[in-house]
Amino acid sequence: SVRLGTGIAPDRPGRRLVQINGADAAANSLGEWLSIGWLTPAMDRLFMESPGDRRRFLDRLVLAREPGHARASARLETALRERNRLLSAEQEPDPAWLDAIEVQLAEAGALGAAARARMVAALADALSRFPDAPFARPDLAYRPGGPLGRDELAATLAAGRRRDRAAQRTLAGPHRDDLDVTMAGKGQPAADCSTGEQKAMLIAITLAHASLLESERPRLLLLDEVAAHLDPVRRVALFDRLRDGAAQVWMTGTELAPFDAIRNEAAIWRVSDGAVERVE
């Protein structure tokens, strides 16, 4: 057994603390014990935001299934930051130094890109078995920002040094990846769909992801203010799918009415003035 805890530092508001068996730990280390997924209102514009937002979304999905992805991502960010620093320096960077950094970047980037590609392929396969209704079913495609192989990526970085130095940043690599999402029923890019259709596709992706999480670790799923924004048909369908899954599900709302259909099978908690109290 393990005791997990999380909260906000009283002396530093906004700083998230994580403890495992009473010892401070990195937030990413929770992934070694739990598979965690969530959908919040802040994600509603995901398909219209920048590729960076979709990369972070995709990486979070990967982390819930492959906790080791955090290490590859951290190594990639460090190497990328160091390469960009050298490229933007006034003096010509040392080629041998760039060689070493590009090897690190290519190794970490290839690992990260492979994990992203695996996740998109697994999600696409899971979504292919979803009906087109009542949730809009999305088609997913992984769009890499550079070669996927380690050696090919290293060669691309080396060949692009002059161009990258002129731009003072790295123009090719997994930090340029994107996730393409299309509404299957229409063949229309998600960014061009209605807000309701975009929300339905996000829910479909979240449910498909929850179905992929490993059974070896407990699964947690948070759906923040989701039920209130669904019509009765979609709400019933959502509850049915959640019943079929193996995750512990937390759903939030500002009123009880949207949860009437599951009141007899759910624990109900009220949060008020920073306190949590069990109601039913």
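Residue numbers for the sequence shown, in the working numbering: 10 to 289.
Where is the CB? At the ideal position from N, CA and C, for every residue including glycine.
Keep in mind it's a predicted model, so treat the numbers as computed, not measured.
Original post:
So leucine 251 packs on glycine 46, CB below 8 Å; how close in whole Å?
Top reply: Here residue 251 refers to the residue found at position 242 of the sequence shown. Here residue 46 refers to the residue found at position 37 of the sequence shown. That belief does not hold up - the Cβ atoms of leucine 251 and glycine 46 are roughly 12 Å apart, past 8 Å.
Subject >> Secondary structure, beta strand (DSSP E): runs of 3+ residues fully inside the region 118-158 >> reply: 147-152
**OP:** Write down the C-beta distance between phenylalanine 144 and alanine 32 rounded to the nearest angstrom, noting that I regard them as a contact closer than 8 Å.
**Re:** For this step, residue 144 is matched to residue 135 along the sequence shown. For this step, residue 32 is matched to residue 23 along the sequence shown. Actually they do not touch by this definition, with Cβ atoms about 41 Å apart.
**OP:** Taking the CB atoms as reference points, tell me whether alanine 130 and tyrosine 151 lie closer together than 9 Å.
**Re:** The residue you call residue 130 lines up with position 121 of the sequence shown. The residue you call residue 151 lines up with position 142 of the sequence shown. A contact, by the Cβ cut-off of 9 Å.
Subject >> CB contact flag (aspartate 204, aspartate 53, <9 Å) >> reply: Here the question's residue 204 lines up with position 195 in the sequence shown. Here the question's residue 53 lines up with position 44 in the sequence shown. Contrary to the premise, residue 204 reads as threonine rather than aspartate in this sequence. Against a cut-off of 9 Å, the Cβ pair of aspartate 53 and threonine 204 comes out as a contact.
Original post:
Can we count leucine 162 as close to the ligand FMN, meaning its CB is less than 8 Å from some heavy atom?
Top reply: You won't find the ligand FMN in this model; it holds no ligand whatsoever.
Original post:
Mapping DSSP to helix, strand and coil, what is glutamine 197?
Top reply: Reading the sequence shown from its first residue, position 188 is the one you call residue 197. Reduced to three states, the DSSP call for glutamine 197 is strand.
Subject >> Distance between beta carbons of alanine 236 and arginine 244, contact taken as under 8 Å >> reply: Looking up residue 244 in the sequence shown gives position 235. Looking up residue 236 in the sequence shown gives position 227. About 6 Å; that satisfies the 8 Å criterion.
Original post:
With distances taken from CA atoms, which of Pro241, Ala276, His218 is nearest arginine 125?
Top reply: On the sequence shown, position 116 is the one that residue 125 refers to. Arginine 125 has its Cα closest to that of His218, out of Pro241, Ala276, His218.
Original post:
Between the C-alpha atoms of glycine 154 and proline 22, what's the straight-line distance to the nearest angstrom?
Top reply: Numbered from 1 along the sequence shown, position 145 holds the residue referred to as residue 154. Numbered from 1 along the sequence shown, position 13 holds the residue referred to as residue 22. Distance between the alpha carbons of glycine 154 and proline 22: 37 Å.
Original post:
Who are the Cβ neighbours of isoleucine 110 in its own chain at under 8 Å, not counting the five residues just before and after it?
Top reply: For the purposes of this step, residue 110 is taken as residue 101 along the sequence shown, with counting starting at 1. Closer than 8 Å at Cβ, skipping near neighbours: Ala88, Glu91, Arg92, Leu95.
Original post:
Under 9 Å, do leucine 85 and leucine 39 count as touching if we go by C-beta distance?
Top reply: Counting from 1 along the sequence shown, the entry for residue 85 is found at position 76. Counting from 1 along the sequence shown, the entry for residue 39 is found at position 30. In this structure, leucine 39 does not lie closer than 9 Å to leucine 85 by Cβ.
**OP:** For aspartate 186, I'd like the list of residues in its chain whose CB is within less than 8 Å of its CB, leaving aside the five on either flank, ordered along the chain.
**Re:** Here the question's residue 186 lines up with position 177 in the sequence shown. If we look at aspartate 186 and ignore the five residues flanking it on each side, its Cβ neighbours are Pro60, Arg64, Leu67, Ala122, Arg125, Tyr151, Arg152, Pro153, Gly154.
Subject >> Beta-ladder partner(s) of aspartate 233, from DSSP >> reply: If you number the sequence shown from 1, residue 233 lands on position 224. Looking at the DSSP assignment, aspartate 233 forms a beta bridge with Thr261.
**OP:** Spatial neighbours of alanine 6 within its chain, please: CB distance less than 7 Å, with the 5 preceding and 5 following residues excluded, ordered by chain position.
**Re:** Examination of residue 6 is not possible in this model, given that the chain is present from 10 through 289 alone.
Original post:
Residue range of the beta strand (DSSP E) that glutamine 28 falls in?
Top reply: Residue numbering aside, residue 28 sits at position 19 when the sequence shown is read from its first letter. Element bounds for glutamine 28: 25-29.
Subject >> Same chain, Cβ closer than 6 Å to tryptophan 278, five either side skipped, listed in chain order >> reply: Taking the sequence shown and counting its residues from 1, the one referred to as residue 278 is at position 269. Val285, Arg287.
Original post:
Just how far apart, CA to CA, sit aspartate 20 and leucine 26?
Top reply: Counted from its first residue, the sequence shown places residue 20 at position 11. Counted from its first residue, the sequence shown places residue 26 at position 17. Answer to the nearest angstrom: the Cα atoms are 11 Å apart.
Original post:
Where does glutamate 99 sit, in a helix, a strand or coil, going by DSSP?
Top reply: Position 90 of the sequence shown, counted from the start, is the residue given in the question as residue 99. It is coil, neither helix nor strand.
Original post:
To the nearest angstrom, how far is it from the Cα of arginine 172 to the Cα of histidine 78?
Top reply: Stepping through the sequence shown from its first residue, residue 172 is reached at position 163. Stepping through the sequence shown from its first residue, residue 78 is reached at position 69. When rounded, the distance between both Cα atoms is 29 Å.
**OP:** Can you tell me which of Asp148, Asp134, Met128, Val11 puts its alpha carbon nearest to the alpha carbon of glutamine 207?
**Re:** By one-based count along the sequence shown, residue 207 stands at place 198. Of the listed residues, the one whose Cα sits closest to glutamine 207 is Asp148.
Original post:
How many Å lie between arginine 127 and aspartate 62 at the Cα?
Top reply: Residue 127 sits at position 118 when you count from the first residue of the sequence shown. Residue 62 sits at position 53 when you count from the first residue of the sequence shown. When rounded, the distance between both Cα atoms is 19 Å.
**OP:** Report the rounded CA-to-CA distance for alanine 142 versus alanine 163, giving the unit in angstroms.
**Re:** For the purposes of this step, residue 142 is taken as residue 133 along the sequence shown, with counting starting at 1. For the purposes of this step, residue 163 is taken as residue 154 along the sequence shown, with counting starting at 1. Those two C-alpha atoms are separated by around 44 Å.
Original post:
Where do the N-terminal and C-terminal ends of the alpha helix (DSSP H) with threonine 215 fall, by residue?
Top reply: Within the sequence shown, the letter at position 206 stands for residue 215. Start and end: 204-221.
Subject >> Outcome for valine 11 when other beta-carbon atoms lying within 10 angstroms are tallied against a minimum of 16 >> reply: As a working mapping, residue 11 is identified with position 2 in the sequence shown. By the 10 Å Cβ count, valine 11 comes out exposed.
**OP:** Below 8 Å on the Cβ atoms is my guess for aspartate 233 versus threonine 261; work out the distance and round it to an integer in Å.
**Re:** In the sequence shown, counting from the first residue as 1, residue 233 sits at position 224. In the sequence shown, counting from the first residue as 1, residue 261 sits at position 252. Sure, about 5 Å apart at Cβ, within 8 Å.
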